[in-house]
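Protein chains in written order, with my numbering: chain P, 1 to 345; chain B, 346 to 690. Glycine is no exception: its CB is placed at the ideal position from the N, C-alpha and C atoms. Have a look at the structure below, then the notes.
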DNA sequence: CATATTTCTGCACACGTTAACAGTCCATTG
DNA sequence: CAATGGACTGTTAACGTGTGCAGAAATATG
């Protein structure tokens, strides 16, 4: 009934448990034939080592913590799924991928180098800094995804949000838009700031002044995109194009447009960010920016595994390119088309 | 540098490590003042118990495995997210929620009652049976979500798919539709079969014969919904309403309709299943069936925790109601409206 | 043949915790 | 005053592994 241990195997093989341990770990000290014999017995008994005992003596937990700022809200499901999947893919099967929210912990005392061999933090808020400090002072290997902290001591991996937003905004400008609005991301999230920066940079290069009325708040929720769009449509002078800081908000925005009787992209152009699972299947299909979340996550996980093996920490910031995906939700502005047509005639 | 242990505390408090252990576990054997003194020292040293050592002696891993059939494909992100979130919510913070795919394991030898205190299986395929057998023969507490196995020994928790599909199909019939098609779920998935059953039952009650041309295959992907719809639209006699076995496929189907110049719900009615995060924000908003995934998962997790505590297994099948959410993607059929209008005049 | 060397195996302990059992001390009882 | 019992605390072993060191056996070396 109780699980078989190396001692059971030792008895059957008439050797000491030490020899069994060595044989199963393929130590060069053990005779080939003895190894063979022991392994066969182990197989026969369906032996599987007790991880707790191993952990205790080897000082490794075989746990990799995948932490999110919170699991209760503010995370989109596609984002979550891709992150988990990326990490899962890169982690050897003998490790446990443990999902946690930072807000599970009243304090970080219980997080020790015994409980996690390494931690992947999918960081979504500047509030995570306390957590980062706690983890680094305990010398637990850490990779930080999605946000950069130029601590000089951390491995950061993130999408180039600024460049991504820049290409999206530039695309709108090149289509001929001059009245371009932005629905911003959740306040306090670094990604929100970076995307706005990229947007602003493109505006500046095209010599389009940043109209404060055209910069409306959002929080990455579908609903907030809907609300923000209604505010924009209530303006005396409406924008002809809107850059939404993520796809969820673009969904909401599109809904608001349709309710107002506006056709996308004929009357108003929309661009999103993230390339959600569903974005290609909207009508019109959403032009957006693809952020390689799964790649970020898997890259982070495999670097973490490496760092654990080598017992060294690497400090570096890696930006993975975000790529504009052109579909149907953005087109040349109404007016501009008229003007061009008139010019042709 | 090395973490503090109860022995360190013992030295400082001039007691034996046993006393420390008892004090920290709030044993009634220890004097109040002694407890106090010891706890203060423990706090001061930021003591946190070594979980591996605890696990070894208590024979509990503090790991709860959350298994999916696979993590690489075939799982929708909202489904995944809600499942994880539900389990996470119900599990005490000192447990680790470990995410695994069944297909991570070439064989199940490494899954022992030492590695998991309990297992939650979000089962999506009949192929999971081998896994279920392996887990139960090892006497690891198990709850089975989303599928039922009337093994007599298992706790099953799932949505009442049949009833849900039945209400959706009945709704379409009551709207006046007679030419109703179904886009089916992934072959081999029990949910696919149950939904089709519910659909068929409603058809039967309304004395609508099941037209084989109107039963088209899908696999729960957006793309498969799109493809299936195109097949339906290519039929000589088109359906006036389509029940899609999940929302993802409904998305694809809606896209196909629009491309064909058909308006939803004016020309064709669509109903989905799952109530995805985005379904309410489609245009038209999708009428669908809400399946309480997060509730299923959290209910399963808390029952599992209970079972682990009491060291007993409960065998039961719990069906949680799936509820029709009426929005805008289904309406009375074209023809029927005309007929009714003529009758009124 | 004696000694040195290589090859293999076992003893004993360690990891950090819990728990059965055995004391110790003090107060209460007869 | 001895005996009994209650309230604590300590001794010791155990959980299942891995590892330094010592030792045995086999082989090579002189």
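Requested in this report: Take the Cβ of residue 597/B as the centre, count every other Cβ of all protein chains shown within 10 Å, and call the residue buried at 16 or more, exposed below.
Outcome: Locating residue 597/B in the second chain gives position 252, where the first residue counts as 1. Around the beta-carbon of residue 597/B, 16 or more other beta-carbon atoms lie within 10 Å, marking it buried.
Report task. Compare the C-beta of residue 597/B against all C-beta atoms of chain P and say whether one is closer than 9 Å. Result -> Within the second chain, residue 597/B is the residue found at index 252, counting from 1. Yes, its Cβ sits closer than 9 Å to a Cβ of chain P.
Requested in this report: Return the first residue and the last residue of the alpha helix (DSSP H) that residue 542/B is part of.
Outcome: Locating residue 542/B in the second chain gives position 197, counting from the first residue. Note, residue 542/B: alpha helix (DSSP H), 535-550.
**Report entry** Identified DSSP bridge partners for residue 145/P
**Finding:** As a position in the first chain, residue 145/P is number 145, starting the count at 1. DSSP, once it has assigned bridges, lists 122/P and 157/P as partnering residue 145/P.
Query - Chain-ordered neighbours of residue 258/P on chain B, where CB pairs are closer than 7 Å - result: For the purposes of this step, residue 258/P is identified with residue 258 of the first chain, where counting begins at 1. Here the neighbours are 628.
Query raised in the report: Looking at C-alpha atoms only, which residue of 573/B, 524/B and 505/B is the closest neighbour of residue 612/B?
Result: Here residue 612/B refers to the residue found at position 267 of the second chain. Put simply, of 573/B, 524/B and 505/B the residue whose alpha carbon is nearest the alpha carbon of residue 612/B is 524/B.
Report task. Return the chain-ordered list of same chain residues with a C-beta closer than 6 Å to the C-beta of residue 100/P, the five sequence neighbours on each side being excluded. Result -> Along the first chain, read from residue 1 onward, the residue named residue 100/P stands at position 100. Counting only Cβ-Cβ distances below 6 Å, and skipping sequence neighbours, we find 65 and 67.
Query raised in the report: Would you call the region 532-552 of chain B and the region 568-586 of chain B in contact, with 3 or more CB pairs under 8 Å?
Result: Taking 8 Å as the limit for Cβ pairs, the verdict is that the region 568-586 of chain B does not touch the region 532-552 of chain B.
Query raised in the report: Who are the Cβ neighbours of residue 87/P in its own chain at under 8 Å, not counting the five residues just before and after it?
Result: Reading the first chain from its first residue, position 87 is the one you call residue 87/P. Within the same chain, residue 87/P has close Cβ partners 64, 66, 97, 120, 297, 298, 300 and 301.
Query raised in the report: Using a Cβ-Cβ cut-off of 7 Å (strictly less than) and excluding sequence neighbours within five positions of residue 494/B, which residues of its own chain qualify?
Result: Here residue 494/B is taken as the residue at index 149 of the second chain, counted from 1. Cβ neighbours of residue 494/B beyond the five flanking positions: 477 and 501.
Requested in this report: For the region 48-70 of chain P, enumerate the residues whose C-beta is nearer than 7 Å to any C-beta of chain B, in chain order.
Outcome: Under the 7 Å Cβ criterion, the region 48-70 of chain P contributes 48, 50, 51, 52, 53, 55, 56, 61 and 63.
Query raised in the report: Along chain B, in chain order, which residues have C-beta atoms closer than 7 Å to that of residue 112/P?
Result: Working through the first chain from its first residue, we reach residue 112/P at position 112. Simply 348 and 393.
Query raised in the report: Quick one: what's residue 215/P bridged to in DSSP?
Result: By one-based count along the first chain, residue 215/P stands at place 215. The partner list for residue 215/P (beta bridge, DSSP) reads 182/P.
Report task. Return helix, strand or coil for residue 15/P, following the three-state DSSP convention. Result -> By 1-based counting over the first chain, the position of residue 15/P is 15. Under the three-state reduction of DSSP output, residue 15/P falls in the coil class, being neither helix nor strand.
Query raised in the report: Three or more beta-carbon pairs under 8 Å between the region 278-288 of chain P and the region 314-333 of chain P, yes or no?
Result: Pairwise C-beta distances place the region 278-288 of chain P in contact with the region 314-333 of chain P, as three or more of them are shorter than 8 Å.
Query raised in the report: Start and end of the beta strand (DSSP E) containing residue 269/P?
Result: To locate residue 269/P, count along the first chain from 1; it is residue 269. Looking at the DSSP string, the run of the beta strand (DSSP E) that includes residue 269/P is 269-271.
Query raised in the report: In the DSSP assignment, what residue or residues form a beta bridge with residue 63/P?
Result: Within the first chain, residue 63/P is the residue found at index 63, counting from 1. Residue 63/P is bridged to 96/P.
**Report entry** residue 425/B in three-state terms, based on DSSP
**Finding:** By 1-based counting over the second chain, the position of residue 425/B is 80. The answer is helix: DSSP assigns residue 425/B an H, G or I state.
**Report entry** One or two residues paired with residue 317/P in a DSSP bridge
**Finding:** Taking the first residue of the first chain as position 1, residue 317/P is located at position 317. 156/P, per the DSSP bridge assignment.
Query raised in the report: Nearest CA to the CA of residue 527/B: which residue from 482/B, 616/B and 535/B?
Result: Taking the first residue of the second chain as 1, we reach residue 527/B at position 182. Closest by C-alpha distance to residue 527/B, out of 482/B, 616/B and 535/B, is 616/B.
Query raised in the report: Taking Cβ to Cβ, would you say residue 202/P is nearer than 9 Å to residue 166/P?
Result: Translated into positions along the first chain, residue 202/P becomes position 202. Translated into positions along the first chain, residue 166/P becomes position 166. Inclusion of residue 202/P and residue 166/P in the CB contact set at 9 Å is warranted, their separation being smaller than that value.
Query raised in the report: Which residues in the same chain have their Cβ closer than 8 Å to the Cβ of residue 241/P, if we skip the five residues on either side of it in sequence?
Result: As a first step, residue 241/P is located in the first chain; it is residue number 241 there, counting from the start. The answer, listed in chain order, is 172, 175, 177, 179, 180, 181, 268, 269, 270, 271, 330 and 333.
Query raised in the report: Under a CB-based cut-off of 9 Å, is residue 278/P close to chain B?
Result: Along the first chain, one-based indexing puts residue 278/P at 278. Closer than 9 Å to some Cβ of chain B, the Cβ of residue 278/P qualifies, so yes.
Query raised in the report: On the three-state DSSP scale, how would you describe residue 521/B?
Result: Numbered from its first residue, the second chain carries residue 521/B at position 176. Coil at residue 521/B, not helix or strand.
Requested in this report: Return the bridge partner residues of residue 283/P from the DSSP annotation.
Outcome: The residue you call residue 283/P lines up with position 283 of the first chain. Per DSSP, none; premise fails for residue 283/P.
Report task. Taking residue 454/B as the query, report the chain P residues whose CB atoms sit under 7 Å from its CB, ordered along the chain. Result -> Taking the first residue of the second chain as position 1, residue 454/B is located at position 109. One finds 46 and 48 in chain P with Cβ atoms closer than 7 Å to the Cβ of residue 454/B, taken in chain order.
Query - In DSSP terms, what residue 323/P is bridged to - result: Counting from 1 along the first chain, the entry for residue 323/P is found at position 323. Under the DSSP definition of a beta bridge, residue 323/P partners with 290/P.
Query raised in the report: Is the beta carbon of residue 395/B sitting closer than 9 Å to the one on residue 355/B?
Result: Locating residue 395/B in the second chain gives position 50, counting from the first residue. Locating residue 355/B in the second chain gives position 10, counting from the first residue. Residue 355/B is positioned such that its CB atom lies no closer than 9 Å to that of residue 395/B.
Requested in this report: Consult DSSP for residue 619/B and reduce its assignment to one of helix, strand or coil.
Outcome: Counted from its first residue, the second chain places residue 619/B at position 274. Reduced to three states, the DSSP call for residue 619/B is strand.
Query raised in the report: I think residue 48/P touches residue 455/B, with their Cβ atoms under 8 Å apart; what is that distance to the nearest whole Å?
Result: Locating residue 48/P in the first chain gives position 48, counting from the first residue. Locating residue 455/B in the second chain gives position 110, counting from the first residue. Their Cβ separation, rounded to whole angstroms, is 5 Å, which keeps residue 48/P and residue 455/B in contact under 8 Å.
Query raised in the report: So what's residue 243/P in DSSP terms, helix, strand or just coil?
Result: Indexing the first chain from 1 puts residue 243/P at position 243. In the structure shown, residue 243/P sits in a strand (DSSP, three-state: E or B).
Requested in this report: Please list the partners that residue 245/P has in chain B, where partner means a Cβ-to-Cβ separation under 8 Å.
Outcome: As a working note, residue 245/P is residue 245 in the first chain. Below the 8 Å Cβ cutoff, chain B contributes no neighbours of residue 245/P, its closest Cβ being approximately 16 Å away.
Query raised in the report: What in chain B is Cβ-close to residue 85/P, meaning under 7 Å?
Result: The residue you call residue 85/P lines up with position 85 of the first chain. Listed by position along chain B, the residues whose Cβ is nearer than 7 Å to that of residue 85/P are 416.
Report task. Take residue 12/P as the anchor and find which of 34/P, 27/P and 30/P has the nearest alpha-carbon. Result -> Position 12 of the first chain, counted from the start, is the residue given in the question as residue 12/P. It is 34/P whose Cα lies nearest to the Cα of residue 12/P.
Requested in this report: Please classify residue 476/B: does DSSP put it in a helix, a strand, or coil?
Outcome: Counting from one through the second chain, the residue named residue 476/B turns up at place 131. Helix.
Query raised in the report: In three-state DSSP terms, what is residue 645/B?
Result: One-based indexing of the second chain puts residue 645/B at position 300. Residue state, collapsed to three classes: helix.
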